[in-house]
Amino acid sequence: MPELLRFQDVNTHYGDLHVLKDVNYTIGQGEIVSLLGGNACGKSTTMKTIMGVVRPTTGSVIFDGVAIETMSTAERVKRGIAPVLEARRLFPRMTVYENLEMGAYTRKRGPDFNQDLERVYSLFPRVKERLNQVSGTLSGGEQQMVAIGRALMARPRLICMDEPSMGLSPLFVEQVFEIIQEINRQGMTIFMVEQNANMALSIAHRAYVLQTGKVVLSGSAAELRRDPSIREAYLGELQVT
Amino acid sequence: MTFSDLLLQQTINGLSLGAMYALLALGFTLVYGILELINFAHFNVFMVGSFIGMWTLQLMGINGQAVVMTGLPLIGVMLVALFVTMLLSGGLGVVIERLSLRPLRNVKGPAAMITTIGVSYILFNIILLTVGADSKNYPNPLPPIQWALGDAVLRLREVLIWVISVLLMLGLHVFVQRSKMGKAMRATAQDPEAARMMGVEVDRVIIIAFFLGSALAGAGGLIFGLYYNFTSFIIGFTAGLRAFTAAVLGGIGNVPGAMLGGVIIGLVESMGGQFIATEWTDVIIFSILVLVLVFRPSGLMGRVAPNKS
Ligand SMILES: Nc1ncnc2c1ncn2[C@@H]1O[C@H](COP(=O)(O)OP(=O)(O)OP(=O)(O)O)[C@@H](O)[C@H]1O
Ligand SMILES: [Mg+2]
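If you're matching them up, the sequences are chains A and B in order.
Numbering-wise (our numbering), the first sequence opens with residue 2 and increments by one.
Numbering-wise (our numbering), the second sequence opens with residue 99 and increments by one.
So this is what it looks like as structure tokens:
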């Protein structure tokens with residue numbers, strides 16, 4: 002499987018706080034790779050490092066064979082990386098349609114814009130019904146749909162999702178994960194941060210486990226599901242809630 | 099004059115002042131909306147804009163009120179004066195942003211705001227030292243056309259001020275609501291980090307906000323000169339503070355709010371001057387500022403709980 006994204010010995014800092022410590026990830030084209038880990042271990046920092054909102058202090062981020070760690074965020078979006086941000090982060094006083102337009106910000110407006118809109122509508126019929134609604138008034142689940150739709154509007158090659166299940170009812174979580182799988186079947190590569198390890202491992206091909214900024218485990222989802230330390234630390238706990 | 103004619107007259111005056119304050123308030127609001135920065139340099143961009151308008155009119159051969167024009171030449175001269183004034187004032191705003199504010203972009207605390215105060219004084223002193231302290235007779239080619247409405251008088255200059263202001267504000271509204279850059283501005287105001295991750299180049303958005311705000315301030319400065327027939331290095335502070343009050347009253351960061359706030363402050367000024375006393379104008383206006391800050395800090399049209407997430 003050709004590689005799409007690689008972290009090579011990445012370190013990041015916020016001032017004196019050392020967050021990512023010699024981190025390596027490899028994400029192949031067409032994969033769903035999940036990044037698991039507890040609070041404050043550096044999952045969102047990983048996403049921000051991919052998007053260029055945080056710059057690594059040392060190490061390299063390679064997308065599609067090109068080192069991107071010094072590129073602007075806009076340049077990375079143009080190259081085909083789109084985010085689904087933690088807590089969705091829609092533009093709350095813009096309409097659903099305008100949010101989708103913002104997803105396509107770096108693209109020229111042409112016929113493929115409408116094609117992509119149609120694609121979003123077919124994945125999320127609810128979104129089409131709400132186009133003119135101000136997105137701050139949508140339910141959490143609806144917002145997540147728009148957030149994923151917004152990422153698709155960039156026509157990316159890689160979507161980075163930060164906790165897509167956060168704050169959603171179990172029914173919605175299931176729907177969102179089905180959609181993620183569906184998008185992946187259509188060829189999209191997905192790198193997904195999750196605390197809901199159970200759900201994440203049920204759709205991911207592979208996963209990394211991050212602990213206080215270090216990758217402590219990695220492997221296929223099936224392997225990790227059988228791993229006793231994972232069962233104890235993440236799965237057991239989450240099955241109860 | 100009957101009471102109703104007085105009321106009408108002061109409404110006419112207030113709407114003219116209000117249009118000017120609204121143009122000026124928009125600049126505060128555009129920049130605040132994106133940077134959460136109160137840009138005090140704006141006061142004197144307005145003042146400099148008024149001089150740019152004066153010089154442009156003079157370059158076209160209009161001196162004082164001696165040259166009277168009508169019809170197409172008048173419209174042409176006004177459009178050129180407005181265009182040049184807005185372009186150069188907008189450019190001044192961009193230069194201020196690039197030279198004095200961008201280097202402070204990641205500095206937390208009040209450094210940027212204090213810098214804008216410094217820049218404001220620099221502009222103030224440059225004009226004082228180069229053109230002098232006396233007020234300048236403002237070139238005005240408008241014919242003395244006026245209409246009587248009962249005992250109240252509506253002059254051509256007021257109509258002109260309204261037309262210019264309404265067109266500029268409509269233009270701004272359409273730009274912010276419809277254009278791609280306008281949407282990027284709104285997105286950046288609502289969530290700068292998310293906007294950046296959509297590929298918005300935030301520095302460009304900031305430049306555009308400064309350009310537009312300063313261009314509108316320049317238009318306001320030109321209007322000031324045409325309305326009062328004079329300009330001076332000193333006009334920035336009073337008008338600026340009133341316009342700032344207008345922006346806060348409408349809800350700072352809110353574009354329609356700045357327009358509404360401007361009109362209200364203009365009407366308060368004219369009505370207060372008529373029915374209370376001119377000396378009390380500032381007391382009344384700044385009492386409004388204090389009351390708004392105490393009882394409705396988000397302003398008339400602002401969101402009750404400012405929410406950046
Ligand atoms: N902008 C910032 N400035 C300073 N410290 C930060 C910043 N962002 C994150 N941190 C710190 O970096 C560490 C990692 O944060 P990060 O957001 O990556 O965690 P996370 O794994 O996503 O956690 P969560 O599961 O709670 O979302 C935390 O200790 C956090 O407080
Ligand atoms: Mg996080």
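Built from N, CA and C at the ideal position, the CB exists for glycine as well.
How many angstroms separate the CA atom of A/S219 from the CA atom of B/G355? Working through the first sequence from its first residue, we reach residue 219 of chain A at position 218. Working through the second sequence from its first residue, we reach residue 355 of chain B at position 257. For A/S219 and B/G355, the distance between alpha carbons rounds to 54 Å.
What is the residue span of the alpha helix (DSSP H) that A/V210 lies within? Taking the first sequence and counting its residues from 1, one reaches residue 210 of chain A at position 209. Note, A/V210: premise wrong, no alpha helix (DSSP H); beta strand (DSSP E) at 207–212.
Note down, in chain order, each residue of its chain lying with its Cβ closer than 7 Å to the Cβ of A/Q30, except the 5 sequence neighbours on either side. Position 29 of the first sequence holds residue 30 of chain A. Excluding sequence neighbours, A/Q30 sits near M2, P3, L5, T190.
Which residues, in chain order, does the segment 269–294 of chain B contribute to contact with chain A at a C-beta distance below 8 Å? K278, K281, A282, R284, A285, Q288, D289, E291, A292, A293, R294
If you count every other CB in all the chains shown that lies within 10 Å of the CB of A/Y15, and 16 or more means buried, which is it? Against the first sequence, residue 15 of chain A aligns to sequence position 14. A/Y15 comes out exposed.
Return yes when at least one heavy atom of ligand 4 lies under 8 Å from the C-beta of A/K44, else no. Because ligand 4 does not appear in the structure shown, any question about it cannot be addressed here, the ligands present being ligand 1 and ligand 2.
Can the beta-carbon of B/G397 be found closer than 9 Å to that of B/L347? Start at 1 with the first residue of the second sequence, and residue 397 of chain B comes out as number 299. Start at 1 with the first residue of the second sequence, and residue 347 of chain B comes out as number 249. For B/G397 and B/L347, yes; Cβs fall inside 9 Å.
Does the count of Cβ pairs from the segment 169–187 of chain B and the segment 316–328 of chain B closer than 8 Å reach three? yes
Can you tell me whether A/D163 is helix, strand or coil according to DSSP? The sequence position of residue 163 of chain A within the first sequence is 162, counting from 1. Strand, per DSSP.
Neighbourhood of A/R77 by C-beta, 8 Å cutoff - its chain only, sequence neighbours within 5 removed: By one-based count along the first sequence, residue 77 of chain A stands at place 76. I51, M52, G53, F64, I69.
Please list the terminal residues of the continuous beta strand (DSSP E) segment that includes A/L6. By 1-based counting over the first sequence, the position of residue 6 of chain A is 5. That run of the beta strand (DSSP E) goes 4–12.
Pairwise C-alpha distance: B/G188 and A/Q240: Position 239 of the first sequence, counted from the start, is the residue given in the question as residue 240 of chain A. Position 90 of the second sequence, counted from the start, is the residue given in the question as residue 188 of chain B. Unreliable placement is indicated for A/Q240, whose pLDDT of 43 sits below 50; the coordinate value is still reported in the next sentence. Cα to Cα, the separation comes out at about 59 Å.
Compare the C-beta of B/L205 with all C-beta atoms of chain A and state if any pair is closer than 9 Å. Working through the second sequence from its first residue, we reach residue 205 of chain B at position 107. Residue identity differs from the one stated: residue 205 of chain B is Val in this sequence, not Leu. For B/V205, the answer is no, since every Cβ of chain A falls outside 9 Å of its Cβ.
Whole runs of the alpha helix (DSSP H) within the segment 310–350 of chain B, excluding any shorter than 4 residues: 333–348
Rounded C-alpha distance that separates A/S35 from A/V11: Numbered from its first residue, the first sequence carries residue 35 of chain A at position 34. Numbered from its first residue, the first sequence carries residue 11 of chain A at position 10. Cα to Cα, the separation comes out at about 18 Å.
Output the distance between the C-alpha atoms of A/Y106 and B/G125, rounded to the nearest integer angstrom. Residue 106 of chain A sits at position 105 when you count from the first residue of the first sequence. Residue 125 of chain B sits at position 27 when you count from the first residue of the second sequence. Cα to Cα, the separation comes out at about 25 Å.
If you measure beta-carbon to beta-carbon, which residues of the segment 29–63 of chain A are closer than 8 Å to chain B? M52, V54
State the Cα-Cα distance for the pair A/P93 and B/S385, rounded to the nearest angstrom. Numbered from its first residue, the first sequence carries residue 93 of chain A at position 92. Numbered from its first residue, the second sequence carries residue 385 of chain B at position 287. Cα-Cα distance, rounded: 33 Å.
What span of residues does the alpha helix (DSSP H) with A/K79 cover, start to end? Taking the first sequence and counting its residues from 1, one reaches residue 79 of chain A at position 78. A/K79 -> alpha helix (DSSP H) spans 74–80.
Identify the continuous alpha helix (DSSP H) that holds B/I383 and give its terminal residues. Here the question's residue 383 of chain B lines up with position 285 in the second sequence. From DSSP, the alpha helix (DSSP H) with B/I383 extends over 379–393.
B/R280 versus A/A155: straight-line alpha-carbon distance, rounded: For the purposes of this step, residue 280 of chain B is taken as the residue at position 182 of the second sequence. For the purposes of this step, residue 155 of chain A is taken as the residue at position 154 of the first sequence. Per the sequence shown, residue 280 of chain B should be read as Gly rather than Arg. Each residue's Cα considered, the two are about 19 Å apart.
What residue does the beta strand (DSSP E) around B/I243 start on, and which one ends it? Start at 1 with the first residue of the second sequence, and residue 243 of chain B comes out as number 145. Run containing B/I243: none; DSSP gives neither H nor E here.
Given this structure, state the Cα-to-Cα distance separating A/E183 from B/H140, to the nearest angstrom. On the first sequence, position 182 is the one that residue 183 of chain A refers to. On the second sequence, position 42 is the one that residue 140 of chain B refers to. Their backbone Cα atoms lie some 52 Å apart in a straight line.
So for A/P93, helix, strand or coil by DSSP? Working through the first sequence from its first residue, we reach residue 93 of chain A at position 92. If DSSP states are grouped into helix, strand and coil, A/P93 belongs with coil.
Considering only heavy atoms of ligand 1, does any lie closer than 8 Å to the CB of A/L218? The sequence position of residue 218 of chain A within the first sequence is 217, counting from 1. Answer for A/L218: no, Cβ out of range of ligand 1.
Closest residue to A/L225 among A/L21, A/F8, A/R7, A/L37 (Cα-Cα distance): Here residue 225 of chain A is taken as the residue at index 224 of the first sequence, counted from 1. Of the candidates A/L21, A/F8, A/R7, A/L37, the one whose C-alpha sits nearest the C-alpha of A/L225 is A/L37.
Are there 16 or more other CB atoms within 10 angstroms of the CB of B/F309, so buried, or fewer, so exposed? Looking up residue 309 of chain B in the second sequence gives position 211. It is buried - the Cβ of B/F309 has at least 16 other Cβ atoms within 10 Å.
Spell out the partners DSSP gives A/K215 in its beta bridges. Position 214 of the first sequence holds residue 215 of chain A. Beta-bridge pairing links A/K215 to A/Q212.
Using the beta-carbon count (16 or more within 10 Å), is A/T47 buried or exposed? One-based indexing of the first sequence puts residue 47 of chain A at position 46. By the 10 Å Cβ count, A/T47 comes out buried.
Can you tell me the Cα-Cα spacing of B/V366 and A/V135, whole angstroms? Here residue 366 of chain B is taken as the residue at index 268 of the second sequence, counted from 1. Here residue 135 of chain A is taken as the residue at index 134 of the first sequence, counted from 1. B/V366 and A/V135: Cα-Cα distance of roughly 34 Å.
Other residues of its chain near B/L185: CB distance less than 6 Å, five sequence neighbours each side excluded: Working through the second sequence from its first residue, we reach residue 185 of chain B at position 87. Around B/L185: no qualifying Cβ.
For B/V129 and A/T96, the rounded distance between their alpha carbons: Taking the first residue of the first sequence as position 1, residue 96 of chain A is located at position 95. Taking the first residue of the second sequence as position 1, residue 129 of chain B is located at position 31. Spanning the two alpha carbons is a distance of roughly 22 Å.
If we call anything under 9 Å between Cβ atoms a contact, is B/A375 one with B/I132? Here residue 375 of chain B refers to the residue found at position 277 of the second sequence. Here residue 132 of chain B refers to the residue found at position 34 of the second sequence. For B/A375 and B/I132, no; Cβs fall outside 9 Å.
Closer than 8 Å is the cut-off here; do at least three beta carbon pairs connect the segment 331–346 of chain B with the segment 142–158 of chain B? yes
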